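The number in the working numbering is simply the position in the sequence shown, starting from 1, with 1 added. Beta carbons: idealized from backbone N, C-alpha and C, even for Gly. These numbers come from a predicted model, not from an experiment.
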Amino acid sequence: MKYILSALLFSFLIPAAEAQKLPGFRNSGSFDEQQLVIEDTENGTRILINAPLTGFGKKDKVLLIFYALPNGSSIEHTFGRKAMPGIDYRYDLQHIGAQTRFLRSVIRNRTIVVAYLENSRLSWPSWVANTTDPREKIKEMIGRITGIFNEWKPEMALNCHSGGGRFIFSYIDSAEEIPSSIVRIGFLDSTYGYEDTLHGKKITNWLMSGKNRYLCTLAYNDSVVIYNGKPLVSPTGGTWYRSKMMKNYLSGNFRFREKERDSLKWIQSPGRRIEIILKPNPGGKIYHTTQVELNGFIHSILSGTKHEQKNYAYYGKRAYSDLINDSLIIPIRMLNIPARDPLSESGSEFMNRIRSLSAEEREEEIYKAVSSGNIPDFLRDPVTMNGEFCDSQGKTHNVIYEAMPDYVAVGSNEDFCRIPMNPYTAQRVADKFGASLITSAISDNIYRSADIRLEPFNYVPVGHENETVGKFIEHNARIEKQLSETGGRHGNLIAGIKKDVILSSRIETQPGKVVIYGWHRKDGNPIQPVYSGHIYWYVDYSHGIRLINNQVLIDGKPKLFTEILQDPILFKIFSDEDAPMRQPAYRKQNQ
2 MKYILSALLF
12 SFLIPAAEAQ
22 KLPGFRNSGS
32 FDEQQLVIED
42 TENGTRILIN
52 APLTGFGKKD
62 KVLLIFYALP
72 NGSSIEHTFG
82 RKAMPGIDYR
92 YDLQHIGAQT
102 RFLRSVIRNR
112 TIVVAYLENS
122 RLSWPSWVAN
132 TTDPREKIKE
142 MIGRITGIFN
152 EWKPEMALNC
162 HSGGGRFIFS
172 YIDSAEEIPS
182 SIVRIGFLDS
192 TYGYEDTLHG
202 KKITNWLMSG
212 KNRYLCTLAY
222 NDSVVIYNGK
232 PLVSPTGGTW
242 YRSKMMKNYL
252 SGNFRFREKE
262 RDSLKWIQSP
272 GRRIEIILKP
282 NPGGKIYHTT
292 QVELNGFIHS
302 ILSGTKHEQK
312 NYAYYGKRAY
322 SDLINDSLII
332 PIRMLNIPAR
342 DPLSESGSEF
352 MNRIRSLSAE
362 EREEEIYKAV
372 SSGNIPDFLR
382 DPVTMNGEFC
392 DSQGKTHNVI
402 YEAMPDYVAV
412 GSNEDFCRIP
422 MNPYTAQRVA
432 DKFGASLITS
442 AISDNIYRSA
452 DIRLEPFNYV
462 PVGHENETVG
472 KFIEHNARIE
482 KQLSETGGRH
492 GNLIAGIKKD
502 VILSSRIETQ
512 PGKVVIYGWH
522 RKDGNPIQPV
532 YSGHIYWYVD
542 YSHGIRLINN
552 QVLIDGKPKL
562 FTEILQDPIL
572 FKIFSDEDAP
582 MRQPAYRKQN
592 Q
């Protein structure tokens, strides 16, 4: 799911040959950045990973910063954009995107990557309170993101604002000790959940485990704030109290010196590896977000280094104003495909194993294999399709959607087989991946846009031979031979090789049937018109499953493909039918 940013200043071009695109990432379009969104609808989490286009060579080192969002803010608000009339004020508060660019201009010996961590409640305290095993799920999130950068053995920084502190403390709670890969922790007015008994010893042991450990805590005196006639926080519940609590605990093992400067109280250990900065508040004002806005994120990453307070001042004027993007469009979310287990069966092994199974058993094994991620890598990087499409009222919309470059296959990069399956199995896979089956209109659009259009190859029916696994294997080998003869490669958008199992209103009006379409000839006309004469369990070699990301962008706004198909006006963008679909998915009667 992919991303467009625009900005005018401080953007320098990198020659295409030097860009190092990460798998699944998309060029942002400005500031030489690439981005990826991971969304887990089951757990209600959403992650934006922002990385530069360069800095991923074999000798490069990566600093991976996890930024847990504050209460009430989305990724878009947190990333930031220039203030304009009619734009939500929250876009102009934190500017973590612009502050990251400042950091990249200063830190030259690390490639800085930031993962923005959001949840569906826009509150990590609420999410944790209402989620089963939240600590384990948070640990899994950190592990999944870190896994993307394992090649560079990344150093990690935990950072958060406001309620984002609950994410960090939950992660700390999830293990006996803070991992050695974490080199920095920053609390931006976010220590609400700190407890001596739970966190004091772990943070102390972590700080003492290496000289490259840094802790930065920012807080203001929120205990004197009256908001809507009531205290903003309880006497012991605010960050002022909790940050002092943290300092007092750490004093048992670290010496501190204190000084007042620029309306702030600076509490520092020798070498400034620990820095707690407190802002007194005689006027009883709210400085919660101001601490982030006034270079707080920058300082939380540079504290204790030679760059601290160089070309910026914490609680001074914005040092990143020229690095704020003019507009922001979040990319389409990444397909939620699990990583392939290296011990998984190859395509040949899998196909040989399912030869003798019943149709029902075969379908279940296909689902287990595909849904577990036993698919070749080229299917994980969808092709972005961009064009103008008209709705039912003739209004033109800019549309971006993503399609798998080929049909679903089982196996490794070197040994795989495109695998036909019944529509209910295909729907289960689509649901698992956050994907959707396509329509006849999308099938046509993919064919027109394809890099490689192969001539359909058919077998004369002999009994039920075309429905056998042996014929699936034979047809796959034929496609591979055709592809090789054209000089094409896997990952190119390929068409003309299979009939598509499609979505149609006939799914509702003719329950229990499979709807197929396509197998386009070189002249663009399909061999197979829309057809729903087969019972759902009928599968032959010619059937293929092409998935698209179920999230699309319509005029820059994320929408679900299946919801668009149900919309009385927008359905025509993706459908050739005369009316919206009431059931844009294959569901058995008891589902």
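Contact between the stretch 193–211 and the stretch 242–252 is established, with three or more Cβ pairs separated by less than 8 Å. Using a Cβ distance threshold of 9 Å, I302 and G187 count as a contacting pair.
In this structure V553 touches I565 by the C-beta definition: roughly 7 Å separates them, less than 8 Å. Annotation: the stretch 271–339 contains the following complete segments of the beta strand (DSSP E) (minimum length 3 residues), in chain order: 275–280 and 328–330. Around the C-beta of I88, fewer than 16 other C-beta atoms lie within 10 Å, and the residue is accordingly described as exposed. Every beta strand (DSSP E) of 3 residues or more that sits fully in the stretch 107–158 is shown, in chain order, as 112–120. The C-beta of M582 has 16 or more other C-beta atoms within 10 Å across all chains shown, which makes the residue buried.
Taking 9 Å as the cut-off, the beta carbon of E309 is found closer than this to the beta carbon of R273. Per the coordinates, the alpha-carbon of I179 lies some 46 Å from the alpha-carbon of P585. The residue from N44, V540, A436 and N526 with its alpha-carbon nearest to that of N467 is V540. With fewer than 16 other beta carbons inside 10 angstroms of its own, E177 counts as exposed. For R419, the beta-bridge partners assigned by DSSP are A410.
Close CB contacts of E415 within its chain, under the 8 Å cut and outside five residues either way in sequence, are with S347 (chain order).
Per DSSP, reduced to three states, the secondary structure at A360 is helical.
The alpha-carbon of R243 is positioned some 56 Å away from that of E364. DSSP places P424 in the uninterrupted alpha helix (DSSP H) bounded by P424 to F434. DSSP places V463 outside any alpha helix (DSSP H), giving it a letter other than H or E.
Here DSSP, grouped into helix, strand and coil, assigns I498 to coil. Of the residues K260, P512 and N296, the one whose Cα lies closest to the Cα of P281 is K260. In this model, Q269 and G148 are separated by some 34 Å (Cα to Cα).
Within the stretch 531–583, complete beta strand (DSSP E) segments of at least 3 residues are found at 548–550, 552–555 and 558–561, given in chain order.
In the three-state reduction of the DSSP assignment, Y193 falls in the coil class.
N160 is bridged by DSSP to Y68 and G187. In this structure F575 is in contact with A442, their Cβ atoms being roughly 6 Å apart against a cut-off of 8 Å.
Residues of the same chain with a CB within less than 7 Å of the CB of V384, apart from the 5 flanking positions on each side, are E403, A404, P406 and L494 in chain order. Within the model, the alpha-carbon separation for R319 versus P155 is close to 29 Å. Taking a contact as a CB-CB distance under 8 Å, the pair N72 and S124 counts as one, their CB atoms being some 5 Å apart. Shown here, A52 sits in a strand according to DSSP, grouped into three states.
N551 sits away from G388, with the two beta carbons spaced by 9 Å or more. Sequence-distant Cβ neighbours of S437 in its own chain, meaning closer than 6 Å and more than five residues away, are A431, I549, N551, F562 and T563. Under the DSSP assignment, L37 falls in the beta strand (DSSP E) whose first and last residues are E34 to D41. Looking at the DSSP output, G388 shares a beta bridge with V400. Here A176 carries a coil assignment [DSSP, helix/strand/coil].
For S264, the closest C-alpha among the options G492, P271, N254 and A220 is that of A220. In the structure shown, G519 adopts extended strand secondary structure according to DSSP, grouped into three states. At the C-beta level, S444 and P530 stay beyond 9 Å of one another.
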